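Chemist:
Numbering (this note's numbering), first residue to last: 3 to 637.
#1: Throw me the rounded Cβ distance for the residue 365 and residue 326 pair, which I believe falls under 8 Å.
#2: Excluding five sequence neighbours on each side, which residues of the same chain lie with their C-beta closer than 6 Å to the C-beta of residue 516?
#3: Cutting at 7 Å between CB atoms, please list the residues of its own chain near residue 119, excluding the five before and the five after it.
#4: Could you spell out the range, first to last residue, of the beta strand (DSSP E) harbouring residue 386?
#5: Does the distance from the CB of residue 332 to the CB of residue 317 come in under 7 Å?
#6: In the DSSP output, what is residue 467 paired with across the bridge?
#7: Three-state secondary structure (DSSP) at residue 304?
#8: Taking all protein chains shown into account, decide if residue 470 is buried (16 or more other Cβ within 10 angstroms of its Cβ) or exposed.
#9: When the Cβ atoms of the stretch 16–26 are set against those of the stretch 238–246, are three or more pairs found closer than 8 Å?
#10: With 16 other CB atoms within 10 Å as the buried threshold, where does residue 185 fall?
#11: Helix, strand or coil: which one does DSSP assign to residue 171?
#12: Using DSSP with H/G/I as helix, E/B as strand and the rest coil, what is residue 201?
#13: Within the continuous alpha helix (DSSP H) that includes residue 131, where are the two ends?
#14: Specify, as a first and last residue, the run of the beta strand (DSSP E) that residue 523 falls within.
#15: Once you ignore the five residues that flank residue 34 on each side, which residues in its own chain have a CB closer than 6 Å to its CB?
#16: Per DSSP, what are the beta-bridge partners of residue 443 in this structure?
#17: To which residues does DSSP link residue 232 through a beta bridge?
#18: For residue 83, name the three-state secondary structure that DSSP assigns.
#19: Which ranges would you report for the beta strand (DSSP E) in the stretch 325–383 if only whole runs of at least 3 residues count?
#20: Which term fits residue 466, buried or exposed, when burial requires 16 or more other beta carbons within 10 angstroms of its beta carbon?
#21: So for residue 238, helix, strand or coil by DSSP?
#22: Using a 10 Å radius around the Cβ and a threshold of 16 neighbouring Cβ atoms, would you call residue 11 buried or exposed?
#23: Which partner residues of residue 214 appear in the DSSP bridge assignment?
#24: By the three-class DSSP mapping on this structure, what secondary structure does residue 554 have?
#25: Which whole-angstrom value describes the C-beta separation of residue 509 and residue 490, a residue pair presumed to lie in contact below a C-beta threshold of 8 Å?
#26: Under the three-state reduction of DSSP, which class applies to residue 547: helix, strand or coil?
#27: Among 36, 16, 424 and 514, whose alpha-carbon lies nearest the alpha-carbon of residue 680?
#28: Tell me whether residue 172 is buried or exposed, calling it buried when 16 or more other Cβ atoms sit within 10 Å of its Cβ.
#29: Tell me where the beta strand (DSSP E) around residue 514 begins and ends.
#30: Tell me the DSSP secondary structure of residue 63 in three-state form.
#31: Using 8 Å as the cut-off, can you tell me whether the stretch 448–466 makes contact with the stretch 476–494, which would need three or more C-beta pairs spanning the two stretches below that distance?
#32: Are residue 279 and residue 295 close, meaning C-beta to C-beta below 7 Å?
#33: Can you tell me where the beta strand (DSSP E) holding residue 9 begins and where it ends?
#34: For the alpha helix (DSSP H) that residue 22 lies in, which residues bound it at each end?
#35: When DSSP labels each residue in this structure, what does residue 628 get in the three-state scheme?
#36: Can you name the residues that DSSP bridges to residue 57?
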């Protein structure tokens, strides 16, 4: 499918990677991992032909198609969600324009017996035939199915994309890629803007994807659930093993242990040989033997141990001044976005030195309340900050808070004051922006590097309260651990919005769950909260289909609902399996029609079978929609 041979690329004289070789085959679901700045996003850009390597070859099958989900996307304003999603079907949309033109001509002309009119009829027939073969009569239903899987409701379909946040626009872009049936999908941090339900849906979609998928992600569970191969970029080399992330780490450590043992044994042999050479060199009768041993040592291939990139940022959040006992006091807080009621009459009091986690589904108001606390949003109700409170804010959408036209160094200098401007270089160095790295423009930084820069900026302002909204997005595993340890040691007040259980474990001592426009307090850590909710992980909490607890007198109804829910989910799974199979068969028939038309036409029953499959598919899609409606009503 795709062969990459001796690929190299450098920036400012230093190689990101050099002479690397690997192959992509159908069915490969690759997790591309490595430190922030190791070159993961660069590799995706090279594979998509958006960026030229310095050297090396990429050999691809003819007509190979790529879909590339980037971290930053641009949208044409003025389109609805459906209109933007339909951009995935360029050829179909072109044929629709042609059909509309021909139909207009046929409607306006009256020379029914003329050759020109007859030619228009032939053209229309040809266009309709091609339109049917490439899925023109099915694409709208398929689009709605994918959008709903990614969390959109039918009410959202005709809303303008301008009215959605960057995260929801990213979902539209992802929907377009999934609809295109590309041979290779390149996904850069696809889960960053998805809620748990959508992540689970995407996992199932990618596991059944017939092409190759290359995923850059720092979500360990997502990688383990989706990938069957891992490629790590480290210190300019790659390590490629047919294992998902966690198993890859185990295998990589085992191989390194074997290398160390082999290297140790070889070193003993070398030392013994060198002793013999010294012993024989002094005797004329043994000189020939000494020379033979020297040549043997020269020919020996020295065993190398894979290097690890252990450079990590250093992070410490000192508090400025000690604030009053009550840091935040909020009463009757409400917030609407148009008709969307996010928070309703919420009360909250946060005391000094507490560490708090905001958890719950996307769209339930976690980020909204965080922005209200830091003064970024208008709201109804009363909110007061305590005496001497100084807030440091880490926003989820860092791209909107950093100026891409500035360098890393200029960004820091502009944020500094007279007392700490001289420390800017030292702070950048502790966040791994050393030497020429500090002269990079913000626009060329990876997502993880931008997050590191945003954390570095926090060091320049006095703070005793930290509000952090999804700070682990884009951060590599080592950087996550450094941040977690720094937050553990932080002696001020912490408000943390996150859905990462691994990161939250051992951090907060109070958890607030956001649900149905309200918040509920749990006086304990994240494990206590999950125990109280009787679930194993945050994924279960954040699923949109979680069945609500009911009073004892309604237990019978709840049990019946659960039975019906299970039955509907089984039916849905069965129908989706049939849809996938039929779509595959129809696609094969389309290919047969396109490549072997005469032989296909000779088979008198071919078109009967072909039409029967299409009718059955249309019915299955209707059944699928009906069950989806029932599931929504039930949940």
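Positions of the beta carbon are idealized from the N, C-alpha and C atoms, including for glycine. All of these numbers come straight from a predicted model, not from anything done at the bench.
Modeler: The structure says:
#1: Residue mapping note: residue 365 aligns to position 363 of the chain shown, counting from 1. Residue mapping note: residue 326 aligns to position 324 of the chain shown, counting from 1. So it is not a contact: roughly 33 Å between Cβ atoms.
#2: Residue 516 sits at position 514 when you count from the first residue of the chain shown. Closer than 6 Å at the Cβ level, and outside the excluded window around residue 516, lie 362, 366, 367 and 368.
#3: As a working note, residue 119 is residue 117 in the chain shown. The answer, listed in chain order, is 111 and 113.
#4: For the purposes of this step, residue 386 is taken as residue 384 along the chain shown, with counting starting at 1. Its beta strand (DSSP E) spans residues 382–387.
#5: Along the chain shown, read from residue 1 onward, the residue named residue 332 stands at position 330. Along the chain shown, read from residue 1 onward, the residue named residue 317 stands at position 315. Remark: C-beta atoms of residue 332 and residue 317 do not approach each other more closely than 7 Å.
#6: Start at 1 with the first residue of the chain shown, and residue 467 comes out as number 465. According to DSSP, which records beta bridges pairwise, residue 467 is partnered with 393 and 495.
#7: The residue labelled residue 304 in the question sits at position 302 within the chain shown. If DSSP states are grouped into helix, strand and coil, residue 304 belongs with coil.
#8: Numbered from its first residue, the chain shown carries residue 470 at position 468. Within 10 angstroms of the beta-carbon of residue 470 lie 16 or more other beta-carbons, which makes it buried.
#9: Taking one beta carbon from each stretch, the stretch 16–26 and the stretch 238–246 have 3 or more pairs nearer than 8 Å; the two touch.
#10: Counting from one through the chain shown, the residue named residue 185 turns up at place 183. Buried.
#11: Against the chain shown, residue 171 aligns to sequence position 169. Helix at residue 171.
#12: For the purposes of this step, residue 201 is identified with residue 199 of the chain shown, where counting begins at 1. Looking at residue 201 - three-state DSSP - the assignment turns out to be helix.
#13: Working through the chain shown from its first residue, we reach residue 131 at position 129. 117–135 is the extent of the alpha helix (DSSP H) around residue 131.
#14: Reading the chain shown from its first residue, position 521 is the one you call residue 523. Looking at the DSSP string, the run of the beta strand (DSSP E) that includes residue 523 is 520–524.
#15: Taking the chain shown and counting its residues from 1, the one referred to as residue 34 is at position 32. Within the same chain, and ignoring the five residues on either side of residue 34 in sequence, the residues whose Cβ sits closer than 6 Å to its Cβ are 42, 216, 218 and 233.
#16: Working through the chain shown from its first residue, we reach residue 443 at position 441. 409.
#17: Along the chain shown, one-based indexing puts residue 232 at 230. Residue 232 has 33 and 243 as its beta-bridge partners, per DSSP.
#18: As a working note, residue 83 is residue 81 in the chain shown. In the structure shown, residue 83 falls within a helical segment according to DSSP collapsed to helix, strand and coil.
#19: Complete beta strand (DSSP E) runs here, min 3: 328–339, 342–353 and 357–362.
#20: Counting from 1 along the chain shown, the entry for residue 466 is found at position 464. Flag for residue 466 reads buried.
#21: Taking the first residue of the chain shown as position 1, residue 238 is located at position 236. Strand.
#22: Locating residue 11 in the chain shown gives position 9, counting from the first residue. Sixteen is the threshold: when 16 or more other Cβ atoms of the shown chains lie within 10 Å of the Cβ of residue 11, as they do, the residue is buried.
#23: Reading the chain shown from its first residue, position 212 is the one you call residue 214. Bridge partners of residue 214: 186.
#24: In the chain shown, counting from the first residue as 1, residue 554 sits at position 552. Note that residue 554 scores 38 on pLDDT, short of 50, meaning its location in the model is unreliable; the coordinates nonetheless yield the value given after this. In this structure, residue 554 counts as helix in the three-state DSSP scheme.
#25: Numbered from 1 along the chain shown, position 507 holds the residue referred to as residue 509. Numbered from 1 along the chain shown, position 488 holds the residue referred to as residue 490. Indeed, because the Cβ distance is near 6 Å, the residues count as touching under 8 Å.
#26: By 1-based counting over the chain shown, the position of residue 547 is 545. At residue 547, the pLDDT of 46 sits below 50, so the modelled position is not reliable and the matter cannot be decided from this model.
#27: In the structure as shown, the chain starts at 3 and stops at 637, and residue 680 therefore has no counterpart that could be examined.
#28: To locate residue 172, count along the chain shown from 1; it is residue 170. By the 10 Å Cβ count, residue 172 comes out buried.
#29: As a working mapping, residue 514 is identified with position 512 in the chain shown. Taken as a continuous stretch (DSSP letters only), the beta strand (DSSP E) holding residue 514 covers 512–517.
#30: Position 61 of the chain shown holds residue 63. Looking at residue 63 - three-state DSSP - the assignment turns out to be coil, as it is neither helix nor strand.
#31: Using a Cβ-Cβ distance cut-off of 8 Å, the stretch 448–466 and the stretch 476–494 are in contact, since at least three pairs of beta carbons, one from each stretch, lie closer than that value.
#32: Translated into the one-based positions of the chain shown, residue 279 becomes position 277. Translated into the one-based positions of the chain shown, residue 295 becomes position 293. In this structure, residue 295 lies closer than 7 Å to residue 279 by Cβ.
#33: Numbered from its first residue, the chain shown carries residue 9 at position 7. Per DSSP, residue 9 belongs to the beta strand (DSSP E) from 4–13.
#34: Here residue 22 refers to the residue found at position 20 of the chain shown. Taken as a continuous stretch (DSSP letters only), residue 22 belongs to no alpha helix (DSSP H), being part of the beta strand (DSSP E) at 16–26.
#35: Residue numbering aside, residue 628 sits at position 626 when the chain shown is read from its first letter. Helix, per DSSP.
#36: Counting from one through the chain shown, the residue named residue 57 turns up at place 55. In DSSP, residue 57 forms a bridge with 10.
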